[in-house]
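Quick note, the sequences are listed as chains E and C, same order. With this note's numbering as the guide, the letters of the first sequence map in order to residues 1 to 288. With this note's numbering as the guide, the letters of the second sequence map in order to residues 1001 to 1288. A virtual CB, placed ideally from N, CA and C, is assigned to each residue, including glycine. The structure presented is a predicted model; accordingly, all values stated were derived computationally and were not measured.
There are 2 protein chains.
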Amino acid sequence: MDKINMAWIQGKWHGNVATTQQIYLEQARSLQGQKVDLLVLPEFFHTPYFPITEDPKNFDYAISKEDSIVEAWQQIAQELNCVVVFPFFEKRARGVYQNSAFVFERDGSVAGLYRKTHIPDDPCFYEKYYFMPGDTGFKPIKTSAGTLGILICWDQWFPEAARILALQGAELLIYPTAIAWDANEPEALYPRQLKSWQTSMQGHAIANGVFVLAVNRVGSEDNLDFWGHSFVSEPDGHIASETDHKFYGVAQHSINFSEIENQRQAWPFMRDRRVCQYEMLLKQWGTP
Amino acid sequence: MDKINMAWIQGKWHGNVATTQQIYLEQARSLQGQKVDLLVLPEFFHTPYFPITEDPKNFDYAISKEDSIVEAWQQIAQELNCVVVFPFFEKRARGVYQNSAFVFERDGSVAGLYRKTHIPDDPCFYEKYYFMPGDTGFKPIKTSAGTLGILICWDQWFPEAARILALQGAELLIYPTAIAWDANEPEALYPRQLKSWQTSMQGHAIANGVFVLAVNRVGSEDNLDFWGHSFVSEPDGHIASETDHKFYGVAQHSINFSEIENQRQAWPFMRDRRVCQYEMLLKQWGTP
């Protein structure tokens, strides 16, 4: 399949898990009959952005892989006959938590699972307290809506992750995200932060000749204002679709994977990698 | 030294080597008394963009490391009391040619030599015919104008090169470049190509929290129209200075390396690399 119709929900937290889940499910069902091939949700959409503080009570938001919240989205995949990217706060074992995303096939079955590799920690984003760094590695997930490279939020700043997925055949990099402006920071920085964030992922599209879809939340939670601006980048970095800071709801955009071939023929970066010169990439830092 | 004043020459080919060299030298000398710390020239500025065809006669443009063209720029370094990045078509041994760049210290001595690692080859850019791929690897060059990560043109598309230099302490990535619009391609592509090119390098600045300076040539040679648009990117990807397609001549911009520390404190990507997950980066391709 070369052409797919993607949808994403640029949604927000509605004060409790049941209501939030309910509203997201309704938003998904509004796509009924619209021949969507792929539906992507923002980073742990069914909870608040709890890493804004370090509080052990927040571990209660974690769910197992068999939770009814998960099942409901497997059912959505079936109802819409589309692949679903479902990010969630995973309780993996007693006291072991991850920031994860399932990919469901159109029949609701599990096509793959990714666990966030790069975990941030800065004021109001205390994720290192909550999440064990992912151990899935970077493995593209083959689906009926393309070969998907799933990454989560902070992963978006690391060219290594994008490259490794592309080297194994990923056609579309998908970044469920929760990124916000912090009222404690000067407002003058906001447009530059947003621009850096998009540019970083546009750069991954260009370097690898792949599509990118980033799906961010919106709404305010304490001093954080989630900036939305979900977007689709073509393989040359061109932003083909974007839902701005004020947008709340469901968006769609179609892409054609055959563009990847055209782009890589024009600019064959993959051909010219010099892996014999890249050993330093496996070091944490390059000086003694 | 935290603050440096950089200059670059967005120059062109003037029909023969002697005239071209003469004009570039005059442009450099126009900086006399202006307290420039660093001067960067475009990719093999003293020759035409000869890889537009494959013709053995073009090997005559190659010069040895001891050529008088080289010496003249060592003298410029002394005259201006500034570090000079000098790209040249290097005759390394009998029948062995490279696409190289010297860095000269303020006293004219050689601070370092880089040989282009990633060699392009596409219609009108037949560089694989002319150049052995560089074997210097990616080593930052310590100078009195900062720790410089020298890369050349096609290298600008490879996040690996930028990362390896940053891991070893590079503060400023410098890309002497010869990139052009090709009259054989649809003009509608031109702005997107330019945008991809800048975005790719802005991405390297962001991922690594370093400054970037790209210096491109201008002017038309056969069907190629070198697009200029030399630019400086700050560590958050913001373009702080740019000399557009119509600009021909010498430009200057000051940067402050202390911004690197601020940027990396705000967005500590370096802290969070997961090298245990990066082994695939050393493979040429990731599928059998």
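As the crow flies, the alpha-carbon of I63/E is around 50 Å from that of G1146/C. Of all residues in the stretch 261-278 of chain E, the ones placed with a Cβ closer than 8 Å to any Cβ belonging to chain C are A266, W267, P268, F269, M270, D272, R273, R274, V275, Q277, Y278, in chain order. About 7 Å separates the beta carbon of L1148/C from that of A1170/C, a gap short enough to meet the 8 Å contact definition.
When DSSP states are grouped into helix, strand and coil, W227/E belongs to the strand group. The alpha-carbon separation between M270/E and Y278/E amounts to approximately 14 Å. Scanning its chain for C-beta atoms nearer than 8 Å, with the 5 sequence neighbours on each side dropped, one finds around Q1156/C the residues Y1175, T1177, W1197, S1200, M1201, H1204, A1214, in chain order. Between A251/E and D225/E, the C-beta spacing is not below 9 Å. For A7/E, the uninterrupted beta strand (DSSP E) segment begins and ends at 3-10.
In the DSSP secondary-structure assignment, N99/E is bridged to F89/E. For A166/E, the closest of F158/E, L80/E, W154/E, V210/E by C-alpha to C-alpha distance is V210/E. Just so you know, the alpha carbons of R192/E and Q34/E end up roughly 36 Å apart.
In this structure, P1235/C is the residue among T1143/C, P1235/C, I1150/C with its C-alpha nearest to the C-alpha of R1264/C. Contact of W157/E with chain C by beta-carbon distance below 9 Å involves I1206, A1207, W1267, F1269, D1272. Approximately 7 Å separates the beta-carbon atoms of G237/E and K1195/C; this is inside 8 Å, confirming the contact. Between F1050/C and G1011/C, the gap from beta carbon to beta carbon reaches 9 Å or more.
Q1022/C places its beta carbon 9 Å or farther from that of I1009/C. Chain-ordered, the chain C residues with CB closer than 7 Å to the CB of S196/E read I1206, D1236, G1237.
Interface with chain E (9 Å Cβ-Cβ cutoff): Q1098/C is excluded.
In this structure, DSSP gives G1203/C a helical state, which the three-state scheme calls helix. Measuring C-alpha to C-alpha distances from R1094/C to each of Y1190/C, F1059/C, S1109/C identifies F1059/C as the nearest. When DSSP states are grouped into helix, strand and coil, R274/E belongs to the coil group. With respect to L1041/C, V1085/C sits close: the two C-beta atoms are nearer than 9 Å. Sorting F138/E, I52/E, V103/E by C-alpha distance to the C-alpha of C1276/C places F138/E at the top.
For secondary structure counted as the beta strand (DSSP E) over 3 or more consecutive residues, the stretch 42-80 of chain E holds no complete run. The alpha-carbon of A1072/C is positioned some 41 Å away from that of Q1284/C. Look at A1183/C here: in three-state DSSP terms it is coil, with no helix or strand label.
For the stretch 1214-1225 of chain C, the set of positions with a beta-carbon nearer than 8 Å to some beta-carbon of chain E is empty. Per DSSP, N16/E is not a residue of any alpha helix (DSSP H), being assigned neither H nor E.
N1081/C is classed as exposed because its beta carbon has fewer than 16 other beta carbons within 10 Å across all chains shown. In the three-state reduction of the DSSP assignment, D107/E falls in the coil class.
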